[in-house]
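Take a look at the structure below.
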Amino acid sequence: MSASEVNPSSMGLVGTVAFAAAVTQSFSLLVAIYEVAPSLGTGGMLLPLCVATVAGVLVSGQISPSIFDVILLRKNLPGRPALINQRRGMLPVCAVMTPSKEIPKIQDEAWKHPESIDPDTYLDCHLPKIPVLLSTESGRSILVAAAPVDQLLEHCGEMSSNESADALCDMLPWLDVSPMTCSPDASVLQIYGRMEYNSEQICFVTFRGELLGAVTAEDLLYRHPVVPIPISPPSHDSGDWRITNRTDERHLPTSIDNTL
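The numbering of the sequence shown is full-length UniProt numbering, which starts it at 1 and goes up by one.
Following this line, the structure appears as structure tokens:
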């Protein structure tokens, strides 16, 4: 921007953009400026406007929540602001998860005989993905993948019925081979943030690979916890919160069914 273009109106425009960015804390304003500024004949001010937008968002984020977060809090609506300002966010995720025994699964026998998979079993499931488990010689069920329910209902009749390897290969094109997982002592706020950042609909709770349960965003926000809500926050922000009155922190459960 040349010196001749610096005038009160241009400075006022930069200030207005910075104010709007600070109030909304929305980086989408940056995209709007990038697209609209050249068409308004202010292409030479593109860099100052973009800098003002980024500075407004970053500075205001250190001072107070955005206006949208404030509205959520005042109306007592769920979301990240509510989890931050309420003690629910400090709960371990295992306190609000759906236990493994209540989740329909695809296990070894279904791989060998995929025609035995009953689609009606998954119609009433509130989870968007079904865990695919592999049993070990010690009797543990290890999570190896996740099958989207809609894809499972569509393709379950097309899988081979000869050998487990053939059935598994038939599932690979639509199988999620790296589902999101977490430990049972991770905090509700921590997992909600990870799911929000990665646009995940479900997170499987595992301990040493064994499936303990699963949580959705609705579970994290609404599900009634099975343990009391903590009265004080953890000493650090790592998300490690132990249920000391239910399990010893040195001996986490290998089966959540025995502790919930």
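Every residue, glycine too, gets a C-beta built ideally from N, C-alpha and C. Computed from a prediction, not measured in an experiment: that's the story for all the values here.
By the criterion of a C-beta distance shorter than 8 Å, glutamate 200 is surrounded in its chain by Met180, Arg194, once the five residues flanking it on both sides are discounted. For lysine 105, the CB contacts under 6 Å within the same chain, skipping 5 residues up- and downstream, are Pro131, Leu133 in chain order.
DSSP, reduced to helix, strand and coil, places alanine 145 within a strand of the structure shown. Contact between isoleucine 142 and alanine 214 does not hold, since the beta-carbon distance rounds to 15 Å and is not under 8 Å. The residue among Ile63, Ile33, Gln62 with its C-alpha nearest the C-alpha of alanine 52 is Ile33. With a 10 Å radius around the Cβ and a threshold of 16 neighbouring Cβ atoms, threonine 206 comes out buried. Around the Cβ of isoleucine 191, a 10 Å sphere holds 16 or more other Cβ atoms; the residue is buried.
DSSP lists Pro148 as the beta-bridge partner residues of lysine 129. A buried status is given to glycine 89, since no fewer than 16 other beta-carbon atoms sit within 10 Å of its beta-carbon.
DSSP places glycine 139 outside any beta strand (DSSP E), giving it a letter other than H or E. For serine 187, the closest of Leu30, Ala22, Leu91, Gly61 by C-alpha to C-alpha distance is Leu91.
CA-CA distance, arginine 223 to valine 96, rounds to 6 Å. Boundaries of the beta strand (DSSP E) harbouring cysteine 203: 202–207, taken from the DSSP string. When C-alpha distances from proline 184 are compared across Val93, Arg208, Gln151, the shortest belongs to Val93. In the DSSP assignment, threonine 181 is bridged to Phe204.
Under the DSSP definition of a beta bridge, threonine 216 partners with Ile202. The continuous alpha helix (DSSP H) containing cysteine 50 extends over residues 46–61. Looking only at Val23, Leu46, Leu29, Ala147, the smallest Cα-Cα distance to methionine 11 is reached by Leu46. Between the alpha carbons of glycine 56 and threonine 24 lies a distance of about 9 Å. Taking the Cα of leucine 220 as reference, the smallest distance to any Cα among Glu154, Gly15, Pro128, Thr98 is reached at Thr98. Straight across, the Cα-Cα distance linking isoleucine 63 with glycine 15 is about 18 Å. Only exposed fits threonine 121, as fewer than 16 other CB atoms lie within 10 angstroms of its CB. Annotation for valine 17: Leu29, Ile33, Leu49, Ala52, Thr53, Gly56 place their beta carbon closer than 8 Å to its own, counting only its chain and skipping 5 residues before and after.
Within the same chain, Gln25 come within 7 Å of glycine 61 by CB-CB distance, once the 5 residues on both sides are set aside.
Here alanine 217 is not near leucine 175, since their CB atoms are 8 Å or more apart. When the Cα atoms are used, valine 226 and alanine 21 turn out to be separated by approximately 41 Å.
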